[in-house]
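A short worksheet on the structure shown next.
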Amino acid sequence: MPTLDDILEHIGEFDRFQKQTFFLLCLLSAAFTPVYVGVVFFGFTPEHRCFSPGAAELSQRCGWSLAEQLNYTVPEWGSHGATYSSRCSRYEVDWNATGVSCTDPLGSLVGNRSSVPLGPCQDGWVYDYSGTSIVTEFNLVCEDSWKLDLFQSSVNAGFFIGSVNIGYIADRFGRKFCLLTTITASVVCGILQVFVPSYLWIVILRFLQGLVNKGCWTAGYILVTEVVGPQYRRTVGILYQAAFSVGLLVFDAIAYAIPHWRWLQLTVTLPCCFLLLYYWCLPESPRWLISQGKTDQAKKIVNGIAKKNRKKMPSHFEVNEDSGKQSPSLTDLVRTPQMRKNTFILMYNWFTSSILYQGLIMHMGLMGGNVYLDFLYSALVEFPAAFIIIVTIDRIGRRYPWAAANLVAGAACLATALIPEDLHWLKLIAACIGRMGITIAFEMVCFVNTELYPTYIRNLGVMVCSALCDVGGIAVPFIVYRLVEIWHELPLIVFTVLGLIAGVLVLFLPETKGRVLPETVEDVENFHRQSIPKDKKIYLHVQTSEVARD
Numbered sequence: 001m002p003t004l005d006d007i008l009e010h011i012g013e014f015d016r017f018q019k020q021t022f023f024l025l026c027l028l029s030a031a032f033t034p035v036y037v038g039v040v041f042f043g044f045t046p047e048h049r050c051f052s053p054g055a056a057e058l059s060q061r062c063g064w065s066l067a068e069q070l071n072y073t074v075p076e077w078g079s080h081g082a083t084y085s086s087r088c089s090r091y092e093v094d095w096n097a098t099g100v101s102c103t104d105p106l107g108s109l110v111g112n113r114s115s116v117p118l119g120p121c122q123d124g125w126v127y128d129y130s131g132t133s134i135v136t137e138f139n140l141v142c143e144d145s146w147k148l149d150l151f152q153s154s155v156n157a158g159f160f161i162g163s164v165n166i167g168y169i170a171d172r173f174g175r176k177f178c179l180l181t182t183i184t185a186s187v188v189c190g191i192l193q194v195f196v197p198s199y200l201w202i203v204i205l206r207f208l209q210g211l212v213n214k215g216c217w218t219a220g221y222i223l224v225t226e227v228v229g230p231q232y233r234r235t236v237g238i239l240y241q242a243a244f245s246v247g248l249l250v251f252d253a254i255a256y257a258i259p260h261w262r263w264l265q266l267t268v269t270l271p272c273c274f275l276l277l278y279y280w281c282l283p284e285s286p287r288w289l290i291s292q293g294k295t296d297q298a299k300k301i302v303n304g305i306a307k308k309n310r311k312k313m314p315s316h317f318e319v320n321e322d323s324g325k326q327s328p329s330l331t332d333l334v335r336t337p338q339m340r341k342n343t344f345i346l347m348y349n350w351f352t353s354s355i356l357y358q359g360l361i362m363h364m365g366l367m368g369g370n371v372y373l374d375f376l377y378s379a380l381v382e383f384p385a386a387f388i389i390i391v392t393i394d395r396i397g398r399r400y401p402w403a404a405a406n407l408v409a410g411a412a413c414l415a416t417a418l419i420p421e422d423l424h425w426l427k428l429i430a431a432c433i434g435r436m437g438i439t440i441a442f443e444m445v446c447f448v449n450t451e452l453y454p455t456y457i458r459n460l461g462v463m464v465c466s467a468l469c470d471v472g473g474i475a476v477p478f479i480v481y482r483l484v485e486i487w488h489e490l491p492l493i494v495f496t497v498l499g500l501i502a503g504v505l506v507l508f509l510p511e512t513k514g515r516v517l518p519e520t521v522e523d524v525e526n527f528h529r530q531s532i533p534k535d536k537k538i539y540l541h542v543q544t545s546e547v548a549r550d
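All residue numbers for the sequence shown refer to the UniProt record's numbering, where the first residue is 1 and numbers rise by one.
Written as C-alpha cells, this is what we have:
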C-alpha cells in the first residue's frame, strides 16, 4: 500500500508537470521582492537641506559652485563638522537683502558668522535627487522621519498579523484558493497606491499588502514542495527562494531605470495580474486534498500528473479509511513533546535569521554609498549561498549545514566587530562571510520548517513560526540604530550571541534528509525513529491489474 510519495516515484517526482508548476510559482516568488524590500527605493532618502528663499538666486548671481553655495548658505551638521551640511536647520537671514557680498555673504549680513541664528525648514527642503520617492513627495525627513519607519513597519505588521490568518486559510480552504485570493488583493492594493494622494492611505494599503503577500509567498512554497517527490523537494525549495534573489536583481534594474516611485510601483505591480492565470495553470495540492478526505479530487489531479508526465498510472486508488479529514488547530503545534520542541526552536531560528539578515545589511549601510550598487551586492551574495546548500544538503543532510551556517554567521559577526577599522578590507570580507552564513540559515529554516509538520497543519505551522521573522524585522532597526550610538560594533555582538545560540538549538531538531513528509502528528512524534509505523501513514490503495497508458 504505497504512500503519495511512492505514487510520485511511479508517475514522476520532477517531470514535465512539476517543472511547469515550479516555473510558474517561481514567478510568484520573484514578484514578492518589491513588497518585502521595496522601501529601499520607494522610501529612498536622498541628501537634502532646507530651502532658503533667495539663496539659489544669490548663488546664480555670484556664480557659485554647489559646494560654495552649501558652504556659504547652509550651516554645519552639528558635531559632524564642516564636511556635512545641516539637513534640518537653516540660517535665519534674508538672502534677498541688498548689498550681500559674494565672498562673505553671512559676514555682510550679520557681521559674525557664529552668531547667525538658526531656524527650522519652514519653506521645505531641497533634495539632491532627480527622481522621486515617498520621502521627497511627502517630506518625510527631520521631525517627520519617523513616518518612513511607519511606512516599513506597516508592512511587517501586516506580515505578522497575516501569518496565522492566511496560513489557516491555506490549510482550511486549500493552497490554490489562498494563492488566487491573496494575489488579487495584493494587485488591487499595489495599483491603488499609485493613485492615492495622501501618506495615510499609502500606509494603510502597504499594511494590507503585507497582510496577504507573505501568506501568498509561503502558500506557493508549500504547494511546490508538496507536488514533487522527496528526492527533489529540498532542491525545489532552495531554488524557489533563489527566485526571490533573481527578483532582487530585476527590481534593482527596474528601480535604476525608473527613479520615480509611483511609476515604479505601477511597473512592478501590473505584471502580477498575469499570476491570476494560476486558476487555469495550477492544480490544488493532492497531498492537501488527501488530508481533507477529498479523495476523488486528489485522484483526478494525480491522474493528470501522470498524463502530463507521460507515465503509467495505476487505474484506481483510494485513501485508507484510517486517513480522514483533519482540521488545522494552533494547539496541535504545541500539544505533543516533539511538536512543541520543533515549534519553539523553529520560532527562535526564524527570529534570529531575520535579525541577522536585515541587521547586517543595515549595519553595512551605515557607511553610505550608491544605493543601487549596495542593493546589487546584497543580492549577489545570496546566489553562492544557494549553491552551497544544494551541494552540501543532499550529502550531509539538513541539520548540520544549518547549524554550521548559524555558527559561522555568529562567529563572522564577532570577527567583524573585533577587526580594527584600519583593516577595512578584512572587516568587509568578514561581514560578507556573515551575510552568506545567515542567508544559508534563512533559506534552510524555510524549507526544513515544511518538513517538520504534518500535511493538514503544514501551512499554518510555517506561518506561525515565521511570524517571529516579522517580530525580528520590527525589532532590528532598534537593535542597530540605537546600539550604534553606544558603540558602533555593539549590534554585531548581539548578532553573535543570537547566531551562536541558534546554531546550537538546531542540533536538537530531527534530521529530515530523505524522509517522507509527515501526514499526522503521530508521524512527527516518531520522526526520530528509523521507520514510521504503517498504521500511522496515509495510504493510497493501488490496483495494478489494469494499467492506463497515455
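Even for Gly, the Cβ is constructed at its ideal location relative to N, Cα and C. Only a predicted model underlies this, so the values are computations on that prediction, with no experimental measurement involved.
Roughly how many angstroms separate the alpha carbons of residue i and residue j, rounded to a whole number?
i, j, result
"S291", "K513", "23 Å"
"T45", "V236", "37 Å"
"P401", "G503", "10 Å"
"G158", "N213", "9 Å"
"C465", "R90", "49 Å"
"S52", "W95", "8 Å"
"C121", "E76", "14 Å"
"L270", "V155", "20 Å"
"E284", "M313", "19 Å"
"I7", "Y36", "37 Å"
"L289", "L266", "36 Å"
"L414", "V494", "9 Å"
"A55", "Q69", "8 Å"
"V74", "I429", "38 Å"
"V194", "F41", "14 Å"
"L28", "G473", "22 Å"
"P384", "V480", "26 Å"
"E451", "Q358", "25 Å"
Grab the span of the alpha helix (DSSP H) containing residue i for me, first residue to last.
i, result
"Y279", "Y278 to C281"
"R61", "A55 to C62"
"C178", "R175 to F195"
"C26", "R16 to A31"
"Q209", "Y199 to E226"
"D144", "It is not in any alpha helix (DSSP H) - D144 carries neither H nor E in the DSSP assignment."
"V521", "V521 to E525"
"Q297", "T295 to N309"
"W402", "R399 to L418"
"H488", "Segment: none, H488 is in no alpha helix (DSSP H) and carries neither H nor E."
"P384", "E382 to I396"
"Q231", "P230 to A257"
"S285", "S285 -> no alpha helix (DSSP H), and no H or E assigned at all."
"E9", "L4 to I11"
"V516", "V516 -> no alpha helix (DSSP H), and no H or E assigned at all."
"G107", "P105 to V110"
Once DSSP output is grouped into helix, strand and coil, what is the label at residue i?
i, result
"W263", "helix"
"Y456", "helix"
"V126", "strand"
"N320", "Summary for N320: the model assigns pLDDT 47, below 50, so the residue's position carries little reliability; its value from the coordinates is reported in the next sentence. Coil, per DSSP."
"E451", "helix"
"T132", "strand"
"L423", "coil"
"H48", "strand"
"R90", "strand"
"L118", "strand"
"E76", "strand"
For a test of your reading of the model: does the CB of residue i fall under 7 Å from any non-hydrogen atom of the ligand MN? Yes or no.
i, result
"M347", "The model on display carries no ligand, and the ligand MN is accordingly not part of it."
Figure out for me which residue from the options has the closest Cα to the Cα of residue i.
i, options, result
"Y221", "P117, T3, N459 and C88", "N459"
"Y348", "D332, T267, H260 and L505", "L505"
"V188", "R175, L205, C178 and K300", "L205"
"N165", "M463, A255, S198 and E519", "M463"
"K311", "L289, W261, A385 and F17", "F17"
"G38", "S153, C102 and E92", "S153"
"V471", "F351, L509 and I486", "F351"
"D252", "F23, P34 and I501", "P34"
"V116", "G124, D123 and G107", "G107"
"C50", "R175, C446 and D123", "D123"
"K134", "T416, T73 and S198", "Checking the sequence, you will find Ile at residue 134 rather than Lys. Of T416, T73 and S198, the residue nearest in Cα terms is S198."
"H10", "E421, I169, K341 and V228", "V228"
"F23", "Q241, E511, F173 and T520", "Q241"
"K19", "F173, V203 and E226", "E226"
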